[in-house]
Structures are given as structure tokens and as C-alpha cells.
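Residue numbers (my numbering): 4 to 217.
Every residue, glycine too, gets a C-beta built ideally from N, C-alpha and C.
Reviewing the structure listed below.
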Amino acid sequence: MTSNLFTIYHKKAVRVALVLSCIPFTRMIAINGSLASGKITKNSDIDFFIITQQNRLWLTRLLITLILDLGLLRAKKNSHRGKICLNHLLTNEKYLLNRQDDYNAYQYSHLIVLYSTNNTYQEFIKKNQWMNKYYKNCGIIESIKSQNQLVKRLFEKILFNWFGDFIENVCRAWQVWRIKHNSFFHQKDSVLMISDQEFYYYTKVSRKYHLWGK
Numbered sequence: 004m005t006s007n008l009f010t011i012y013h014k015k016a017v018r019v020a021l022v023l024s025c026i027p028f029t030r031m032i033a034i035n036g037s038l039a040s041g042k043i044t045k046n047s048d049i050d051f052f053i054i055t056q057q058n059r060l061w062l063t064r065l066l067i068t069l070i071l072d073l074g075l076l077r078a079k080k081n082s083h084r085g086k087i088c089l090n091h092l093l094t095n096e097k098y099l100l101n102r103q104d105d106y107n108a109y110q111y112s113h114l115i116v117l118y119s120t121n122n123t124y125q126e127f128i129k130k131n132q133w134m135n136k137y138y139k140n141c142g143i144i145e146s147i148k149s150q151n152q153l154v155k156r157l158f159e160k161i162l163f164n165w166f167g168d169f170i171e172n173v174c175r176a177w178q179v180w181r182i183k184h185n186s187f188f189h190q191k192d193s194v195l196m197i198s199d200q201e202f203y204y205y206t207k208v209s210r211k212y213h214l215w216g217k
């Protein structure tokens, strides 16, 4: 049952990653969480860890969220089975994880990397060598062949200037306001980090489940 679920969820993740890799400023897309660690169940969602271009995290997150919502693919509080959960985004300016504990070491040393440009994954591992004291890196690189990269680069060129900075600021202000007023992100014992370099959200339950399979 688990192997069949893994195959179904993995194929779905690859299809979604193919689409998301075309979004401007997306630099890496990887599976983490229960699917990457082999603890998937029929009620699991599909956790994506995404690295973006610096200074474009909030614009990229908004575009990805819109695409997932249009496809009815984004995990929500009462509808998450087999859907995509955007619980962690990081910029390629930062790379270094804020929370350096055994949980994050386990999560990010077991990534299934679906898309990575300009050695983004390699740089991420290089910057987070602290994980080695907990777990050996067991990440898998699959490298899907993304399409429409010329169009993606064109949009990046158009938006990598003062106008893009303005849009980024608007996207950040709007999303941060929504997050602050959404009770889902303020559950007891949850972990929420927001900055220009990182968006990170986990509940205590999901952290415990993914690490120990309980």
C-alpha cells in the first residue's frame, strides 16, 4: 500500500514541479516531509521545499500559490490529502536554515530534488553542513527537464529591477497581513518564521509525525 501511494504521490509531485519550475525566480523544488522520508499514508499531503531568487521570495510564493489554487492542488486545513503544502521557502541569498536541530537535519538531508538550477541544491548542502552531525546526506537528485525556460528568463529580466522590487514589496505586505490574520498559522505550538529570506511554517503535530512516524 505504501509503495503504491509513494508512486502515485511522487508522480503527482513531478507533474506539479514541472509547472512550478516555469514560474519566474524559482531556483529549486524539492520534496520533503512524509513523502521524502517514506512515511506516507493515505492522509498525507505533499510537502514542497522551494528556493527562490533573492529579493523575490514573496512574489514567487504568490505566483506558486495562485497556480496551485487554480489547479485545486494546494493543501488547506480541511483538504490536504495528496495536495501540495508550501511550508518552507528560502532564498538563494540565505541558503542557511535558521532552525538547526535534529528535526530539520532529518528533513533536509532526505530531500528528493525535482528541479535545481545553477547548482542551487549543491550550494544549499554546502551551507548546511551542520546537518552532518545528525544525519548523513541522503538526498536524491532527479532533475526534471523544465520547459519554457526562455519565457521564464524573459519575465525575470523584466521584473528584476525597481518595478520588480515594488511588486515584491506589495506581495510581501499583502501576504504577511493575510498570514497574521489567518488562525491556521497561529495554532498552539506551531512554528512560524517570516522574513525577506525565508518563510517557514510547521505545526508541532506535523514535526512529530514526519520525524518519528507517529
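Residue j beta carbon less than 8 Å from that of residue i
i       : j       : result
Gly-95  : Asp-50  : The sequence shown places Asn at residue 95, rather than the Gly named in the question. No, they are not a contact pair.
Thr-44  : Leu-92  : no
Phe-28  : Thr-68  : no
Arg-30  : Asn-151 : no
Leu-114 : Ala-39  : yes
Ser-198 : Cys-25  : no
Gly-85  : Lys-15  : yes
Ile-147 : Val-17  : yes
Asp-48  : His-83  : yes
Tyr-137 : Asp-105 : yes
Identified DSSP bridge partners for residue i
i       : result
Phe-9   : In the DSSP output, where bridge partners are listed per residue, Phe-9 has none listed.
Thr-29  : Thr-55
Ser-119 : Met-31
Tyr-88  : In the sequence on display, residue 88 carries Cys and not Tyr. Asp-50, per the DSSP bridge assignment.
Ser-82  : Lys-79
Thr-44  : In DSSP, Thr-44 forms no bridge with anything.
Leu-195 : Tyr-204
Ile-128 : None; Ile-128 has no bridge partner.
Ile-144 : Val-116
Thr-94  : Thr-55
Residue i beta carbon near the ligand GDP (any heavy atom closer than 7 Å)
i       : result
Glu-201 : Of ligands this structure carries none, so the ligand GDP is not represented either.
CA nearest to the CA of residue i, picked from the options
i       : options                            : result
Glu-126 : Gln-103, Tyr-98, Ile-115, Lys-136  : Tyr-98
Thr-132 : Leu-100, Ser-119, Gln-200          : Checking the sequence, you will find Gln at residue 132 rather than Thr. The shortest C-alpha separation from Gln-132 is found at Leu-100.
Ile-53  : Leu-65, Cys-174, Asn-46, Lys-42    : Leu-65
Lys-160 : Leu-21, Leu-73, Arg-102, Arg-59    : Arg-59
Leu-73  : Val-19, Asp-48, Ser-119            : Val-19
Glu-171 : Leu-153, Ile-70, Trp-61            : Trp-61
Ser-193 : Glu-145, Gln-200, Tyr-205          : Tyr-205
Ile-70  : Asn-164, Tyr-137, Leu-21, Lys-130  : Leu-21
Met-196 : Thr-10, Cys-88, Arg-102            : Arg-102
Leu-23  : Lys-155, Arg-175, Tyr-106, Gly-142 : Lys-155
Thr-123 : Gln-57, Arg-175, Trp-177, Asn-46   : Gln-57
Beta carbon proximity, residue i to chain D, threshold 8 Å
i      : result
Ser-82 : Here chain D cannot be found, since the structure has a single protein chain.
Exercise. Given 8 Å as the limit, is there contact between the stretch 21 to 36 and the stretch 106 to 114, that is, 3 or more CB pairs closer than that?
Worked result: yes
Exercise. Between the stretch 74 to 85 and the stretch 174 to 184, are three or more C-beta pairs nearer than 8 Å?
Worked result: no
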